[in-house]
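Numbering that gives the first Met the number 0 numbers the first residue of the sequence shown as 0 and each following residue consecutively.
Note that beta-carbon positions come from the ideal geometry of N, C-alpha and C, so glycine has one too.
Okay, structure first, notes after.
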Amino acid sequence: MKKVLALIVMAASLTACHQNPFLKEWKTPFGIPPFESIKTTDYVPAIKAGIEQQTAEIEAIVACPDQPTFENTIAPLELSGSILSKVAGVLYNVAETDQTPELDAVLEEVIPLMSDHEASISFNKGLYERVAAVYNSDQSGLTREQQMVLKKHFESFEREGIGLPADLQERLKAIESELAVKTQKIGNNILAESNAFKEKFGISVSEYSTAMTTTEDRELRKAMFEAYTSRGHHGNDNDNCALILDVLRLRARKASILGYRNFASYQLSNKMAGDPGTVDSFLSEIMTSAVKQAKQEIRDMEKIAGHPIEPWDWWYYSEKVRIQKYALEDSLIRPYFKIDNVVKGIFTAAHTLYGVNAEPVDGVPSYNPAVVKTYKITDADGSLLGIFTTDYHPRSSKRGGAWMNNVRDQYFDAEGKEVRPIIVNVGNLPEYLSVDDVQTVFHEFGHALHGLLTKCHYASVSGTSVARDFVEMFSQFNENWAFQPWLLEQYAVNDKGEVIPAELVAKIISALKFNQGFMTTELAAASILDMKWHELSYIPEDVNPSAFIDEFEAKACKEMGLISQIVPRYKTTYFNHIFSSGYSAGYYGYLWSEVLDKDAFSIFVSECVGPDGQWNMDKTVSLAGKFRKTFLERGGGEEPMTLYKEFAGREPDSKPMLRARGLID
0 MKKVLALIVM AASLTACHQN PFLKEWKTPF GIPPFESIKT TDYVPAIKAG IEQQTAEIEA
60 IVACPDQPTF ENTIAPLELS GSILSKVAGV LYNVAETDQT PELDAVLEEV IPLMSDHEAS
120 ISFNKGLYER VAAVYNSDQS GLTREQQMVL KKHFESFERE GIGLPADLQE RLKAIESELA
180 VKTQKIGNNI LAESNAFKEK FGISVSEYST AMTTTEDREL RKAMFEAYTS RGHHGNDNDN
240 CALILDVLRL RARKASILGY RNFASYQLSN KMAGDPGTVD SFLSEIMTSA VKQAKQEIRD
300 MEKIAGHPIE PWDWWYYSEK VRIQKYALED SLIRPYFKID NVVKGIFTAA HTLYGVNAEP
360 VDGVPSYNPA VVKTYKITDA DGSLLGIFTT DYHPRSSKRG GAWMNNVRDQ YFDAEGKEVR
420 PIIVNVGNLP EYLSVDDVQT VFHEFGHALH GLLTKCHYAS VSGTSVARDF VEMFSQFNEN
480 WAFQPWLLEQ YAVNDKGEVI PAELVAKIIS ALKFNQGFMT TELAAASILD MKWHELSYIP
540 EDVNPSAFID EFEAKACKEM GLISQIVPRY KTTYFNHIFS SGYSAGYYGY LWSEVLDKDA
600 FSIFVSECVG PDGQWNMDKT VSLAGKFRKT FLERGGGEEP MTLYKEFAGR EPDSKPMLRA
660 RGLID
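In structure tokens form, the structure reads like this:
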């Protein structure tokens, strides 16, 4: 410990007039990072100090002369690396929302350092032997959460190749280091291409679907479509073709070294689905139903258009069909869904269902005070659940899409004191929201609730630290409440103070199944494309990257039965989820999790909605309490299917998901 303190003091004194904020205690409200004190030049020294700290902590665990136990091996391993956790919680959040060339340079230096450090832990034989000794000993004295934590650490060593010869371990280390750099570069290129799209057309990529819906000029729609779907594929400095093939080759080599047929097999070996064959069958069944529905949607649009539908026509004419079928125009909806009102809606739902309260907090540190809002989230008894921040509006420095991140995890420290989480929701949304936008806000807050309501002891299983094909269940489950009439009447209000009319609510609910052939097809197509890429075991080195990607995509789309009027939601060169955001061979998880979320919600409907269609709120709150205790509080402290069966009393049923999407009656 003396060595660690000496290192911290040395790092803190690197700059005479500025003490590195990461290397001292944060005496800020709720322990929020002191963003105003953090300089770009602080990150690298803090990362280096953090690496030194955790290295010393790992050495102390390995050097412990006592028989390995959970308390002297796993518990200190869980608490190691506190400086790195602080830096990462700030750096990666800020880099995604307020990117600068200076931050890019920091990441360029930091990512290889972190990759090498993580490899030094993954291949630490002495540490592995202690973890394995605990894993192979009698676990009856451990809590179920401790058993899951132990399993997670043990399997992590096994999955990273601890049992391999030294030369193969070195090859894996080099692969991980190269992957870290290349995936970061892919993400940066996608952001640059998205900004170029905005410069050309005057709209951000997050506004693309709205623009395609409202733009009458068919040639302009075609130009926007072609630019949007070719991002990262222009042969310029931001071209991702060669980078993506490099990443795929590296992933395939990693899988091969570890004894797997391909990277998809490796990725799925510790997920709910288990293997690529299960996922392929799951997606194929959905694709067949979705395409059938999409073909009917085409026929409906062509009756109005009077000409064959092309991909750049879909949004425009589907909106006309929606108006015709439901007398529901986007312009009628948006006035009732101002972003501040929708935020009130997510808080009202959380209060009603789970008893939690949200209170705005002013004057606290923020990485972007002009746009970020901060809330204190408390339980029904007034106890602190965590700090929640929102950053909803687009800017050129922010990557596209919407997401939830932890700035700080929930866990118990070495003194047994609970540390509550700091959660951020980020989006790229307008001031007045569409139906899809509203669902996005509820979706990301579902992730936030998973992080805020957790009651675990160990950070590695708290909150959203669950299997990738399980985690989206809770975000998607929260979407189900967005348009419930009992909630809408409390938050959907226009600028005149008028509550959304009941007849408009009825139209919204009726229209939720509209265009689901298209929506499901493009989502399933992207999921299948992800799987097809990661089921490859080999990609030749002497191919033209651009041509290879084009040919592979065309072949995959033909084999999956994709119709020409629809393209995958994300094509390869801008598929940020699978090449830069941790969803490789995992994008199917959205649909997989939707089976769970829609089935769970069907239980709410069957038990809490009366013959008159009205919700019995007492029953709803009671069942929500069970949902909270079973899922949201326990994080990764139990196997996903065990938790689901505990809640539902049975295996999940896929019919509610297919029914919700209008794919079956």
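Item	Value
Between the Cα of Thr-68 and those of Tyr-127, Val-504, Glu-101 and Ala-87, spot the shortest distance and give me the residue it belongs to.	Tyr-127
Is there contact between the stretch 501-519 and the stretch 187-204, where contact requires at least three CB pairs shorter than 8 Å?	no
Just list the residues that DSSP pairs Tyr-431 with in beta bridges.	Lys-337
Please check the pair Phe-517 and Ala-210, which I expect to be a contact at CB under 8 Å, by giving their CB distance rounded to whole angstroms.	So it is not a contact: roughly 17 Å between Cβ atoms.
Do you know offhand how far Asp-541's Cα is from Thr-99's?	35 Å
So what's Lys-375 in DSSP terms, helix, strand or just coil?	strand
Any idea what DSSP makes of Thr-54, helix, strand or coil?	helix
For Lys-270, I'd like the list of residues in its chain whose CB is within less than 7 Å of its CB, leaving aside the five on either flank, ordered along the chain.	Ala-466, Arg-467 and Asp-468
Is there contact here, the stretch 403-413 with the stretch 482-491, by at least three beta-carbon pairs under 8 Å?	no
Which value, in whole angstroms, describes the spacing of the CA atoms of Cys-556 and Gly-160?	35 Å
Do three or more CB pairs link the stretch 98-114 to the stretch 42-53 at distances below 8 Å?	yes
Looking only at its chain, what residues have a beta carbon closer than 6 Å to the beta carbon of Ala-272, apart from the 5 residues adjacent to it on each side?	Val-278 and Asp-468
What span of residues does the beta strand (DSSP E) with Leu-384 cover, start to end?	383-390
Touching or not, the stretch 577-586 and the stretch 527-534, by the rule of three or more beta carbon pairs under 8 Å?	yes
Report the option in Cys-607, Ser-621 and Leu-622 whose CA atom is closest to the CA atom of Asn-615.	Cys-607
DSSP three-state call for Pro-567: helix, strand or coil?	coil
Within a Cβ cutoff of 8 Å, which residues of the same chain sit near Gly-186, ignoring the five residues on either side of it in sequence?	Arg-398, Asn-575, Phe-578, Ser-579 and Ser-580
Look at Asp-598 and Pro-655 and say whether their C-beta atoms are less than 7 Å apart.	yes
At the level of alpha carbons, what is the spacing between Tyr-134 and Leu-149?	6 Å
Excluding the 5 residues preceding and the 5 following Arg-660 in the sequence, name in chain order all residues of the same chain whose CB lies nearer than 6 Å to its CB.	Gln-515 and Thr-519
Would you list the one or two residues that DSSP bridges to Val-425?	Asp-390 and Trp-402
Taking Arg-129 and Thr-72 to be in contact with their CB atoms under 8 Å, please state how far apart those CB atoms are, rounded to whole angstroms.	5 Å
Use the C-beta contact count for Leu-167: other C-beta atoms within 10 angstroms, 16 or more gives buried, fewer gives exposed.	exposed
What are the boundary residues of the alpha helix (DSSP H) that Glu-318 is part of?	313-325
Run through the stretch 456-506 for me and flag every whole alpha helix (DSSP H) of 4 or more residues, listed as ranges in chain order.	467-478 and 484-490
Can you grab the Cα-Cα spacing for the pair Asp-329 / Asn-340, in whole Å?	17 Å
Since Ser-203 and Asp-115 should fall inside the 8 Å C-beta cutoff, what is the C-beta to C-beta distance between them, to a whole number of angstroms?	That belief does not hold up - the Cβ atoms of Ser-203 and Asp-115 are roughly 36 Å apart, past 8 Å.
Figure out for me which residue from Gly-496, Glu-502, Met-472 and Glu-650 has the closest Cα to the Cα of Leu-590.	Met-472
In whole angstroms, what separates the C-alpha of Phe-122 from that of Pro-75?	18 Å
Quick one: measure Cβ to Cβ for Trp-480 and Glu-443, integer angstroms, because I've assumed they're closer than 8 Å.	Not quite, the Cβ-Cβ distance comes to about 14 Å (not below 8 Å), so this is no contact.
Excluding the five sequence neighbours on either side, which residues of its own chain have a C-beta within less than 7 Å of the C-beta of Glu-637, listed in chain order?	Arg-143 and Met-147
For Asn-92 versus Val-370, is the C-beta spacing smaller than 7 Å?	no
Please report the straight-line C-alpha distance between Ala-5 and Leu-22, rounded to a whole angstrom.	Interpretation of Ala-5 is limited by its pLDDT of 45, a score under 50 that renders its predicted location unreliable; no figure is taken from the coordinates.
What residue from Phe-600, Ala-525, Ala-326 and Asp-549 has the CA that sits closest to Arg-588's CA?	The sequence shown places Gly at residue 588, rather than the Arg named in the question. Of the candidates Phe-600, Ala-525, Ala-326 and Asp-549, the one whose C-alpha sits nearest the C-alpha of Gly-588 is Ala-525.
Taking only the alpha-carbon atoms, compute the straight-line gap between Arg-158 and Ala-118 and give it to the nearest angstrom.	12 Å
Using a Cβ cut-off of 7 Å (strictly closer), state whether Pro-44 contacts chain C.	The structure shown contains no chain C; it is built from a single protein chain.
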